[in-house]
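Scroll down for the structure; my scribbles are underneath it.
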Amino acid sequence: LGLALGLYHRLQVREEEGQGLELRVVGEGAAVLARDETNLICQAMASAFTACGYRPGRLLLESSSQIPLACGLGSSAAACLAGLAAGMWLSRQELDPPRLIELALAVEGHADNIVPSLLGGFTVVAGTHGQVRYLRLEPPDELEAAAVVPDFTLLTRKSRAVLPEQIPFADAVANQGRVALLTAALALGRLEL
27 LGLALGLYHR LQVREEEGQG LELRVVGEGA AVLARDETNL ICQAMASAFT ACGYRPGRLL
87 LESSSQIPLA CGLGSSAAAC LAGLAAGMWL SRQELDPPRL IELALAVEGH ADNIVPSLLG
147 GFTVVAGTHG QVRYLRLEPP DELEAAAVVP DFTLLTRKSR AVLPEQIPFA DAVANQGRVA
207 LLTAALALGR LEL
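Just remember that our numbering sits 26 ahead of the position in the sequence shown, which is counted from 1.
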């Protein structure tokens, strides 16, 4: 399940004659993010260029994010999508959501933050036979979100590594029931549930 919030990552891109890369980072992560081709935005753009068979000129980028890093709010998914969308746009390719999700999965590895970052709203995402299936629901207008952000960062892969490989059957059943109820309640606007 994913819920898009009103936090945005904006990327301005200009392509000039020549070669090279200049990346300016402002906002969240400005003090710690790389300003070269190792930056996730640049990696995602490179992935899009490769997929499209495009060789860019000199790239001038300005990345501005409101999303706190490594706090579970989807900062890496938003950065990945920004880079992919810019790469597709520069390559003169259609910004097709299923294609962007496919490319983002190859870079980011998990769809739970990618889909709501791209589509907005409340999303339900599932992996089925190697494919990602998803639905987007419009959240009720009266729904408000409060995000509690820790004063430390934890990368998604590290946070998921501490989860148990197995859980008791009763816990799995209880959790599935809550997920189903939450999804139905949001779909029907039954926020009291």
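Here a beta-carbon is modelled for each residue, glycine too, at the ideal position from N, C-alpha and C.
When we look at the beta-carbon of N65 and count the other beta-carbons within 10 Å, is it buried (16 or more) or exposed? Reading the sequence shown from its first residue, position 39 is the one you call residue 65. Buried: at least 16 other Cβ atoms inside 10 Å.
Considering only C-alpha positions, which residue in the set R118, L217, Q45 and I140 is nearest to L85? What you label residue 85 is simply residue 59 of the sequence shown in a count that begins at 1. Measuring from the Cα of L85, the nearest candidate turns out to be Q45.
Can you determine whether any heavy atom of the ligand PLP sits closer than 7 Å to the C-beta of W115, and answer yes or no? The ligand content of the structure shown is nil, which means the ligand PLP is not present either.
Just the Cα atoms here: how many angstroms apart are M114 and L131? Translated into positions along the sequence shown, residue 114 becomes position 88. Translated into positions along the sequence shown, residue 131 becomes position 105. Whole-angstrom Cα-Cα distance: 15 Å.
Looking only at C-alpha atoms, which of Y34, L161, F75 and P194 sits nearest to S102? In the sequence shown, counting from the first residue as 1, residue 102 sits at position 76. Nearest C-alpha to S102: Y34.
Out of D177, T76, S73 and T209, which one is the CA nearest neighbour of L163? Taking the sequence shown and counting its residues from 1, one reaches residue 163 at position 137. Ranking D177, T76, S73 and T209 by Cα distance to L163 puts T209 first.
Contiguous beta strand (DSSP E) assignments of at least 3 residues, all confined to the stretch 111-154: Qualifying beta strand (DSSP E) stretches, in chain order: 148-154.
Beta-carbon spacing of V150, A137 below 8 Å: On the sequence shown, residue 150 is found 124 positions in, with the first residue counted as 1. On the sequence shown, residue 137 is found 111 positions in, with the first residue counted as 1. Not closer than 8 Å, so no.
Going straight from the alpha carbon of L50 to that of A105, what length do you get? Position 24 of the sequence shown, counting from 1, holds the residue named residue 50. Position 79 of the sequence shown, counting from 1, holds the residue named residue 105. Looking at the sequence provided, one finds Arg at residue 50 rather than Leu. Just so you know, the alpha carbons of R50 and A105 end up roughly 14 Å apart.
Please report the residue range of the alpha helix (DSSP H) in which L212 lies. Sequence index remark: in the sequence shown, residue 212 carries index 186 (1-based). L212 -> alpha helix (DSSP H) spans F195 to L214.
Burial state of V199 (16 or more Cβ within 10 Å): Taking the sequence shown and counting its residues from 1, the one referred to as residue 199 is at position 173. It is exposed - the Cβ of V199 has fewer than 16 other Cβ atoms within 10 Å.
CA nearest to the CA of I127, picked from L161, R183, D62 and A173: Residue 127 sits at position 101 when you count from the first residue of the sequence shown. Residue L161 is the option with its Cα nearest to I127.
Here's a check: name, in chain order, each residue in its chain whose Cβ is nearer than 8 Å to the Cβ of E63, leaving out the five neighbours to either side. Indexing the sequence shown from 1 puts residue 63 at position 37. L47, Q69 and A72.
Just tell me which of G28, A187, I67 and L144 has its CA closest to the CA of L37. Position 11 of the sequence shown, counted from the first residue, corresponds to residue 37. Among G28, A187, I67 and L144, the Cα nearest to that of L37 belongs to I67.
Along the beta strand (DSSP E) that carries R81, what are the first and last residues, could you check? Locating residue 81 in the sequence shown gives position 55, where the first residue counts as 1. Annotation: R81 is outside any beta strand (DSSP E) and is labelled neither H nor E by DSSP.
Considering only the beta carbon of each residue, do F75 and S143 sit closer than 8 Å? Position 49 of the sequence shown holds residue 75. Position 117 of the sequence shown holds residue 143. The answer is no: Cβ separation not under 8 Å.
Taking C-beta to C-beta, are E43 and G79 nearer than 8 Å? Numbered from 1 along the sequence shown, position 17 holds the residue referred to as residue 43. Numbered from 1 along the sequence shown, position 53 holds the residue referred to as residue 79. With respect to the 8 Å criterion, E43 and G79 are not classified as neighbours on the basis of their beta carbons.
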